[in-house]
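Peer 1: Taken in order, these protein sequences are the chains called E and L. Using the working numbering, you'd call the opening residue of the first sequence number 1 and step up by one each time. Using the working numbering, you'd call the opening residue of the second sequence number 1 and step up by one each time.
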Amino acid sequence: MATVVGALRQTRGALSGHIGGWLFYGIGLLAFLLLILPRILHDPTFFFQILVLGLTDGAIYALIALGYTMVYGIIELINFAHGDVFTLGGFIGILVFSLVGLVPNRASNLGLALVPIILGVMVVTMLLTGMVNVTIERIAYRPLRHAPRLAALITAVGMSFILEGIMFVWKGPNFVQSPSLLPAGGVVVAGVRIDASQVIVVLVAVALMVLLTYFVEFTRLGRAMRATAQDRDAALLMGIDINRTISLTFFIGAALAAAGGIMYGFYFNNLRYDTGFSSGLTAFTAAVFGGIGNIQGAALGALILGLIRAFNDSYGQAAWTDVLVFSILILVLTLRPTGLLGMRVPEK
Amino acid sequence: MSAAVAAVPSWVQRQSRNPNAVVYTALVVGALIYPTVVQFVNPEQANPLIGLASDAGVYVLMAIGLNVVVGFAGLLDLGYAAFFAIGAYTYALLASGQLALSPAHHAVHLPFWLLLFIAVAVAAACGALLGAPTLRLRGDYLAIVTLGFGEIVPRVFRNLPQWTGGVNAVPAIDAPSLPVWLDGPWDNGADLQIVHDLKLTAGQPVGFYLLMMLLVFVSVLLVRNLQRSRLGRAWMAVREDEVAAAAMGVNTVTIKLLAFSIGAAVSGFAGCYFGAKLSSVSPENFTFLVSVTVLLMVTLGGMGNIPGVIVGALVIYFVQYKILGDLPGWTSSIGSSLGLPGKTVTRLSDLATDLNFVVFGLILVTTMLLRPQGLVPSRARQEELTKGTASEAVADVMGTA
């Protein structure tokens with residue numbers, strides 16, 4: 001057993017740092033290409049079609065993954081309930097849409113006037129979901145900030161159950177329809193069909209990520225967040241209100257997840273009380289894949305995971321996709337815990 | 001001799017102040033009289049109630065096993081159901097006609113008592129297998145790897161229908177037969193004269209009840225002795241401060257592997273029993289909910305304290321299968337006696353059914369917030385949680401806790 005552990009440690013050593021990262025992911029990419037290249041050459045149109053699908057899924061995963069990675073970055077908590085916050089955001093979105101008269105299965109003839117309405121609803125939903133998440137943090141996580149780490153993680157699991165239970169009571173066990181407000185058209189480029197809805201989902205995700213990057217990099221509050229993530233006590237000494245900064249992080253994470261939830265509702269049109277569990281796990285895997293605590297990493301990881309899932313669904317067997325995703329998670333965590341872009345070293 | 005007799009009252013007095021001794025006594029007495037009491041209190045429901053109690057034993061076993069990993073060694077395991085699944089499938093495949101349909105083309109029918117040990121060995125090996133790559137991961141990363149493992153295992157069983165029957169479950173698993181010395185030549189095909197109805201068949205749960213008591217007793221004995229051994233002290237040292245433990249000469253790698261292995265081994269018992277009692281095993285029996293339930297039992301009962309987790313398992317099992325199961329019925333009867341309209345009553349009882357998840361989550365969160373040491377806490381942990389220790393404060397500042 002000692003030899004196994006020794007070998008493991010050596011492998012992990014070799015795969016750490018920049019060069020190791022290139023090596024690890026290079027090998028992964030090579031294996032992927034070797035598996036799939038014959039099929040790409042056989043039918044490139046199909047490949048690009050799957051690529052479009054995978055990128056769209058990845059954009060939605062990215063919106064969820066950002067919340068995981070930001071919360072982990074700032075208080076080192078795996079916010080297990082985050083996937084369910086995503087579903088909750090989707091449900092709140094459906095509720096707010098119905099309040100402004102936009103219900104499923106009724107065609108709207110507002111045309112372009114719909115755009116500001118949708119944006120307004122999204123903003124309201126993001127605010128509401130953000131406030132829910134801030135409340136959760138205030139009630140459930142803040143009292144345990146100095147408790148053993150397991151306590152907070154177990155509480156997060158409990159919170160996830162409470163949210164799922166509430167949504168189950170609210171919406172029942174069946175899939176809930178969202179108003180389908182994205183335009184139905186699309187273009188065909190060299191045989192590859194690109195739907196307008198896919199373009200919009202990706203655009204919304206990219207826009208939100210650009211906004212987030214701007215916020216974190218260039219504003220005072222963003223700087224406070226980065227400082228708190230780096231060293232909470234030093235940030236406190238610099239006069240940063242730690243509690244407010246952490247609340248803000250939860251708020252932003254939930255707002256992004258809510259946007260993801262609405263997009264998920266528009267795009268897949270099948271939201272259920274437990275949707276967030278599996279999507280959340282994939283998004284968490286993406287966050288780890290990209291290097292947890294690293295915002296760009298989470299986005300990149302989510303895109304890659306979306307692609308991997310899409311390729312396995314269509315080239316491999318869909319039943320094994322989850323197994324593949326979790327295997328990747330375990331592989332990355334054991335061999336290169338710093339992830340793709342790396343930030344924190346999770347070894348003691 | 002007389003001195004020894006005279007010492008008994010003071011010994012009893014001392015023990016009565018030790019919560020663990022009280023709980024152990026209550027559990028043993030309760031387990032012994034339960035089947036009889038049930039016969040008197042509720043004769044027509046006696047068999048289902050005894051069956052319910054022996055099924056609760058499955059969770060008691062798992063709680064004892066998970067307690068080794070989470071409570072003693074401080075390694076959070078969110079995929080414990082995987083080992084339960086491995087134990088159950090080991091029994092299911094090696095004691096049914098399933099393998100005749102598989103590419104192996106030979107049905108295997110090994111006896112239950114042998115498979116108990118095989119299942120334990122397989123589960124322990126899988127525990128070590130999972131433990132090995134995760135050894136140097138920090139607590140919450142470890143939790144995620146175990147979660148991944150817990151999600152992978154049932155999916156693999158589901159996705160290999162040619163071996164496991166996939167979603168259709170492994171049907172018609174053998175019931176355990178009593179060993180020759182119990183069921184022996186004096187029997188002449190009739191029941192044992194001293195103990196009536198001691199047969200391990202579905203209609204007669206007393207046999208399974210006794211079997212479960214035996215399994216729980218053996219597991220408690222083993223785990224309790226381990227806790228008090230050098231290994232147990234090493235687990236706790238690793239839990240409190242891994243670096244310090246390593247500096248004191250504890251081989252943390254071996255210690256953690258053993259925690260995973262032994263924790264998994266106990267759930268091998270549970271899986272074996274589960275397969276034998278239910279006589280069918282399907283991937284849906286081993287969801288994330290099972291892992292969380294067991295974790296909930298361990299935390300509610302009192303992490304790191306064996307009688308505590310047994311109490312936790314019994315309480316949660318009772319809440320889950322008895323209270324939450326009967327709640328819709330109660331709600332509708334209360335509702336109708338209050339004269340509420342029928343539609344409201346139906347809605348209320350539906351709501352009571354749906355609240356299952358919420359109640360579960362609330363128990364988890366409130367336990368962590370209000371009584372993190374659990375119902376019957378381990379004394380060391382209680383002290384630590386109420387008073388705090390210097391080392392934790394340091395760890396907090398360093399961000400390495």
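Backbone N, C-alpha and C define an ideal beta-carbon position, used for all residues, glycine too. Since we're looking at a predicted model, the values are computed, not measured.
#1: Below 9 Å on C-beta distance, what does Phe149/L contact in chain E?
#2: How would you list, in chain order, the residues of chain L whose beta-carbon sits under 7 Å from the beta-carbon of Ala147/E?
#3: Going by beta-carbon coordinates alone, are Ile74/E and Thr213/E separated by less than 8 Å?
#4: Report the neighbours of Gly165/E on chain L: residues whose CB is nearer than 9 Å to its CB, in chain order.
#5: Confirm the yes/no value for this check: CB of Leu289/L, any heavy atom of the ligand SAH, distance under 7 Å.
#6: Would you kindly work out how many angstroms separate the C-alpha atoms of Pro179/E and Leu41/E, rounded to a whole number?
#7: Name the two residues that bound the continuous beta strand (DSSP E) containing Asp354/L.
#8: Could you tell me whether the segment 281-292 of chain L touches the segment 152-167 of chain L, where touching means 3 or more Cβ pairs closer than 8 Å?
#9: Roughly how many angstroms separate the alpha carbons of Val199/E and Ile60/E, rounded to a whole number?
#10: Is Val170/L close to chain E, meaning its C-beta is less than 8 Å from at least one C-beta of that chain?
#11: Mind checking if Asp140/L is an interface residue toward chain E, Cβ cutoff 8 Å exclusive?
#12: Which residue from Pro307/L, Thr353/L and Gly339/L puts its Cα closest to that of Leu327/L?
#13: Just how far apart, CA to CA, sit Ile262/E and Val288/E?
#14: Sort Phe91/E, Phe268/E and Leu144/E by Cα distance to Val132/E and report the nearest one.
#15: Do Phe72/L and Gly268/L come within 8 Å of each other at the CB atom, strictly closer than that value?
#16: For Phe149/L, count the other beta carbons within 10 Å of its own beta carbon; 16 or more makes it buried, fewer makes it exposed. Which is it?
#17: Where does Arg239/L fall in DSSP's three states?
#18: Suppose the cutoff is 8 Å on Cβ atoms and the five residues either side in sequence are ignored; what does the same chain contact list for Ile363/L look like?
#19: Which residues of chain E have a Cβ atom closer than 8 Å to the Cβ of Ala56/L, listed in chain order?
#20: If Leu37/E and Val145/L are in contact, beta carbons under 8 Å, what's the gap, nearest whole angstrom?
#21: What are the complete alpha helix (DSSP H) segments, minimum 4 residues, inside the segment 270-340 of chain E?
#22: Can you tell which of Leu49/L, Tyr89/L and Leu221/L has the C-alpha that lies nearest to the C-alpha of Gly166/L?
#23: To which residues does DSSP link Val192/E through a beta bridge?
#24: Round the Cβ separation of Leu324/E and Ile308/E to the nearest angstrom and send it over; I've been treating them as touching at under 8 Å.
#25: Taking contact to mean 3 or more Cβ pairs, one atom from each stretch, closer than 8 Å, check whether the segment 253-270 of chain L and the segment 63-78 of chain L are in contact.
#26: Please classify Thr344/L: is it buried, with 16 or more other beta-carbons within 10 angstroms of its beta-carbon, or exposed?
#27: Using a 10 Å radius around the Cβ and a threshold of 16 neighbouring Cβ atoms, would you call Ala4/L buried or exposed?
#28: Assuming Leu51/E contacts Leu76/L under a Cβ cut-off of 8 Å, what Cβ separation, rounded to an integer in Å, is found between them?
#29: How big is the Cα-Cα spacing for Pro103/L and Val170/L?
#30: Taking the alpha helix (DSSP H) that Ile219/E falls in, what are its first and last residues?
#31: Output the distance between the C-alpha atoms of Gly20/E and Ala14/E, rounded to the nearest integer angstrom.
#32: Taking only beta carbons into account, state which residues of the segment 71-91 of chain E come closer than 7 Å to chain L, listed in chain order.
#33: Which chain L residues sit within Cβ distance under 9 Å of Met238/E?
#34: Give the residues of chain E in contact with Ala259/L, contact being defined as C-beta atoms less than 7 Å apart.
#35: Can you list, in chain order, the residues of its chain with a C-beta nearer than 8 Å to that of Leu221/E? Leave out the 5 residues immediately preceding and following it.
#36: Assign Pro176/L to one of two classes, buried (16 or more other C-beta atoms within 10 Å of its C-beta) or exposed (fewer than that).
Peer 2: Straight from the coordinates:
#1: The sequence position of residue 149/L within the second sequence is 149, counting from 1. By Cβ distance, chain E contributes Phe326 and Ile330.
#2: Stepping through the first sequence from its first residue, residue 147/E is reached at position 147. Result: Pro372.
#3: Position 74 of the first sequence holds residue 74/E. Position 213 of the first sequence holds residue 213/E. Cβ distance not < 8 Å, so Ile74/E and Thr213/E don't count as in contact.
#4: Here residue 165/E refers to the residue found at position 165 of the first sequence. Those are Asp354, Leu355, Asn356, Phe357, Val358, Val359, Phe360, Gly361 and Leu362, listed as they occur along chain L.
#5: The ligand SAH is not part of this structure, which contains no ligands at all.
#6: Counting from one through the first sequence, the residue named residue 179/E turns up at place 179. Counting from one through the first sequence, the residue named residue 41/E turns up at place 41. Distance between the alpha carbons of Pro179/E and Leu41/E: 39 Å.
#7: Counting from 1 along the second sequence, the entry for residue 354/L is found at position 354. No beta strand (DSSP E) contains Asp354/L, which is instead part of the alpha helix (DSSP H) from Gly342 to Asp354.
#8: yes
#9: Along the first sequence, one-based indexing puts residue 199/E at 199. Along the first sequence, one-based indexing puts residue 60/E at 60. Distance between the alpha carbons of Val199/E and Ile60/E: 12 Å.
#10: Walking along the second sequence from the start, residue 170/L turns up at place 170. Not an interface residue.
#11: For the purposes of this step, residue 140/L is identified with residue 140 of the second sequence, where counting begins at 1. With 8 Å as the cut-off, Asp140/L counts as an interface residue toward chain E.
#12: Within the second sequence, numbered from 1, the residue matching residue 327/L stands at position 327. Out of Pro307/L, Thr353/L and Gly339/L, Thr353/L has the C-alpha closest to the C-alpha of Leu327/L.
#13: Here the question's residue 262/E lines up with position 262 in the first sequence. Here the question's residue 288/E lines up with position 288 in the first sequence. Rounded to the nearest angstrom, the two C-alpha atoms are 24 Å apart.
#14: By 1-based counting over the first sequence, the position of residue 132/E is 132. Looking at the Cα atoms, Phe91/E is the closest of the given residues.
#15: Taking the first residue of the second sequence as position 1, residue 268/L is located at position 268. Taking the first residue of the second sequence as position 1, residue 72/L is located at position 72. It is not a contact, given that the beta carbons lie outside the stated cut-off.
#16: Taking the first residue of the second sequence as 1, we reach residue 149/L at position 149. The residue in question, Phe149/L, is buried, as its Cβ has 16 or more Cβ neighbours within 10 Å.
#17: Taking the first residue of the second sequence as position 1, residue 239/L is located at position 239. Arg239/L: helix per DSSP, three-state reduction.
#18: By one-based count along the second sequence, residue 363/L stands at place 363. These residues qualify, in order along the chain: Leu296, Leu300, Ile316 and Val319.
#19: The residue you call residue 56/L lines up with position 56 of the second sequence. None at all; the shortest Cβ gap to chain E is about 21 Å.
#20: Counted from its first residue, the first sequence places residue 37/E at position 37. Counted from its first residue, the second sequence places residue 145/L at position 145. At roughly 31 Å, the Cβ-Cβ gap does not stay under 8 Å, so Leu37/E and Val145/L are not in contact.
#21: 275-290, 295-315 and 321-335
#22: Position 166 of the second sequence, counting from 1, holds the residue named residue 166/L. Selected option, being the one with the closest Cα: Tyr89/L.
#23: Residue mapping note: residue 192/E aligns to position 192 of the first sequence, counting from 1. According to DSSP, which records beta bridges pairwise, Val192/E is partnered with Val189/E.
#24: The residue you call residue 324/E lines up with position 324 of the first sequence. The residue you call residue 308/E lines up with position 308 of the first sequence. Right, the Cβ-Cβ distance comes to about 7 Å (below 8 Å), so this counts as a contact.
#25: yes
#26: Counting from one through the second sequence, the residue named residue 344/L turns up at place 344. Classification for Thr344/L: exposed.
#27: By 1-based counting over the second sequence, the position of residue 4/L is 4. Answer is exposed; the Cβ neighbour count stays below 16.
#28: As a first step, residue 51/E is located in the first sequence; it is residue number 51 there, counting from the start. As a first step, residue 76/L is located in the second sequence; it is residue number 76 there, counting from the start. Their Cβ separation, rounded to whole angstroms, is 38 Å, which puts Leu51/E and Leu76/L out of contact at 8 Å.
#29: Taking the first residue of the second sequence as 1, we reach residue 103/L at position 103. Taking the first residue of the second sequence as 1, we reach residue 170/L at position 170. Taking the straight line from one Cα to the other gives about 15 Å.
#30: For this step, residue 219/E is matched to residue 219 along the first sequence. A quick correction: the sequence has Thr, not Ile, at residue 219/E. That residue, Thr219/E, is in no alpha helix (DSSP H); it is neither H nor E in DSSP.
#31: For this step, residue 20/E is matched to residue 20 along the first sequence. For this step, residue 14/E is matched to residue 14 along the first sequence. Between Gly20/E and Ala14/E, the C-alpha separation is close to 6 Å.
#32: Ile78
#33: For the purposes of this step, residue 238/E is identified with residue 238 of the first sequence, where counting begins at 1. Simply none; closest approach about 16 Å.
#34: Start at 1 with the first residue of the second sequence, and residue 259/L comes out as number 259. Per Cβ cutoff of 7 Å: no residues; Ala259/L is ~14 Å from chain E at best.
#35: In the first sequence, the residue the question calls residue 221/E occupies position 221. Hits under 8 Å: Phe215, Thr245 and Leu248.
#36: Position 176 of the second sequence, counted from the first residue, corresponds to residue 176/L. Label assigned to Pro176/L: buried.
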